[in-house]
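J.:
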Amino acid sequence: MLYSLRLPINYETYIPGSNCSTIYERFADNLHPDKEGAAIIANTVYKSLSGDYGGLKMPEFFSDHMVLQRNLPIPVYGIANAGESVHVVLNNQKRSAITDAAGKWVVQFPAMQHGGPYQLKVESKSKEIMLNDILIGDVWLCAGQSNMAFPLKSATTGTEELQRPGIKNNTLRLLKLNQIAETDNKSWDSLTLAKVNQLQFFLGTWQTGDASAAANFSAIGYYFGKKILTEVDVPIGLIDIAVGGSTLESWIDRYTMEHDDLLVDVL
75 MLYSLRLPIN YETYIPGSNC STIYERFADN LHPDKEGAAI IANTVYKSLS GDYGGLKMPE
135 FFSDHMVLQR NLPIPVYGIA NAGESVHVVL NNQKRSAITD AAGKWVVQFP AMQHGGPYQL
195 KVESKSKEIM LNDILIGDVW LCAGQSNMAF PLKSATTGTE ELQRPGIKNN TLRLLKLNQI
255 AETDNKSWDS LTLAKVNQLQ FFLGTWQTGD ASAAANFSAI GYYFGKKILT EVDVPIGLID
315 IAVGGSTLES WIDRYTMEHD DLLVDVL
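FYI, my numbering numbers position 211 of the sequence shown as 285, with every residue one higher than the one before it.
In structure tokens, the structure reads:
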């Protein structure tokens, strides 16, 4: 499945392929929390009362070398301590926001034509984040099962492609989102559990499309991006978020399924 990011999406609530449990499901009897559940509740209450959300942070996919969708408004968002002012600069345009009680902030820049590279600067009173080498172009999701996850290095022509002198193309950017853990009936360590409890199921940052980044990227996605790059002549960003064995409905957000007569019974 290849999706173009030309339609509005809910940037805060939906993570493709995720199965987000409610907090009470971590209670041993659905009423009283176990040790882990009690710690989550205490930490949540502390943050809410103190407004301390750990300072300025952004999702990991806001990184150097990223591609932002052209011809659509550009949202930039993250977390900081409650009530803090956050200032964002992109292409000499400045936007500001004040975080809400949950520490969330979002600003929006007007649509831009393809181009770059640009810098994105985000700062609060105590921290600054500077992202470099940002392009404006077309962004595509490479989603699906193991056939989409199949890496370029294992393809019949993969070795030849990776050794091609001209493989490094600065206008092709790759974001491979890796699962933080396999759901294979093996116990997760404390670090993995902490990430899952924060609904962090995938990790990855943008890379330029050179051999080191392309080797483990989706072969289908890579060849698709290479072809479309020659046809549209704008920067192309590919996001590899394939999960082997995943069902089709796992790629549909819960709200859509709840409001569709054909899909609601799948939940």
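Positions of the beta carbon are idealized from the N, C-alpha and C atoms, including for glycine.
Can you tell which of L248, A268 and L246 has the C-alpha that lies nearest to the C-alpha of A255?
T.: One-based indexing of the sequence shown puts residue 255 at position 181. Per the Cα distances, A268.
J.: Quick one: grab the DSSP three-state call for A112.
T.: Translated into positions along the sequence shown, residue 112 becomes position 38. Helix, per DSSP.
J.: Confirm, please, whether the CB-CB distance from I210 to G190 is below 7 Å.
T.: Translated into the one-based positions of the sequence shown, residue 190 becomes position 116. Translated into the one-based positions of the sequence shown, residue 210 becomes position 136. Yes, the pair counts as a contact, with Cβ atoms nearer than the cut-off.
J.: Look at the alpha carbon of R169 and the alpha carbon of Q143, and state the distance between them as a whole number of angstroms.
T.: Numbered from 1 along the sequence shown, position 95 holds the residue referred to as residue 169. Numbered from 1 along the sequence shown, position 69 holds the residue referred to as residue 143. One C-alpha to the other measures close to 18 Å.
J.: Are G205 and I313 touching if we call contact CB-CB under 7 Å?
T.: What you label residue 205 is simply residue 131 of the sequence shown in a count that begins at 1. What you label residue 313 is simply residue 239 of the sequence shown in a count that begins at 1. In the sequence under discussion, the amino acid at residue 205 is Leu, which differs from the Gly named in the question. No, these two residues do not count as a Cβ contact at 7 Å.
J.: Since A316 and L226 should fall inside the 8 Å C-beta cutoff, what is the C-beta to C-beta distance between them, to a whole number of angstroms?
T.: Taking the sequence shown and counting its residues from 1, one reaches residue 316 at position 242. Taking the sequence shown and counting its residues from 1, one reaches residue 226 at position 152. Rounded, the Cβ-Cβ distance is 13 Å, inconsistent with contact.
J.: Let me know if E158 comes out buried or exposed under the rule of 16 or more other beta-carbons within 10 Å of its beta-carbon.
T.: The residue given as residue 158 occupies position 84 in the sequence shown. With 16 or more Cβ atoms within 10 Å of its Cβ, E158 is classed as buried.
J.: Just confirm the distance between the C-beta atoms of A288 and L248, as a whole number of angstroms; I'd bet it's less than 8 Å.
T.: Within the sequence shown, numbered from 1, the residue matching residue 288 stands at position 214. Within the sequence shown, numbered from 1, the residue matching residue 248 stands at position 174. 7 Å between Cβ atoms; contact.
J.: Can you tell me whether N166 is buried or exposed? The criterion is at least 16 other CB atoms within 10 Å of its CB, across all chains shown.
T.: The residue given as residue 166 occupies position 92 in the sequence shown. Its Cβ having fewer than 16 others within 10 Å, N166 is exposed.
J.: Looking at the strands, I want to know which residues DSSP matches up with R247.
T.: Position 173 of the sequence shown, counting from 1, holds the residue named residue 247. For R247, which the question treats as bridged, DSSP gives the partners T282 and G311.
J.: Going by DSSP in three states, W325 sits in which element: helix, strand or coil?
T.: If you number the sequence shown from 1, residue 325 lands on position 251. The answer is helix: DSSP assigns W325 an H, G or I state.
J.: Would I153 and G177 qualify as a contact pair, given that the criterion is a beta-carbon distance under 7 Å?
T.: As a position in the sequence shown, residue 153 is number 79, starting the count at 1. As a position in the sequence shown, residue 177 is number 103, starting the count at 1. A contact, by the Cβ cut-off of 7 Å.
J.: Could you check what DSSP says for I153 in three-state terms: helix, strand or coil?
T.: Numbered from its first residue, the sequence shown carries residue 153 at position 79. Strand, per DSSP.
J.: For G189, which beta-bridge partners are listed by DSSP?
T.: Within the sequence shown, the letter at position 115 stands for residue 189. According to DSSP, G189 bridges with I210.
J.: In terms of residues, what are the limits of the alpha helix (DSSP H) holding L265?
T.: Here residue 265 refers to the residue found at position 191 when the sequence shown is read from its first residue. S264 to N271 is the span of the alpha helix (DSSP H), which, as asked, contains L265.
J.: Would you check if the distance between the CB atom of S320 and the CB atom of Q219 is smaller than 7 Å?
T.: By 1-based counting over the sequence shown, the position of residue 320 is 246. By 1-based counting over the sequence shown, the position of residue 219 is 145. Against a cut-off of 7 Å, the Cβ pair of Q219 and S320 comes out as a contact.
J.: Indicate whether the contact test is met: 3 or more Cβ pairs, each with one atom in the stretch 273-280 and one in the stretch 133-148, closer than 8 Å.
T.: They touch, by the three-pair rule.
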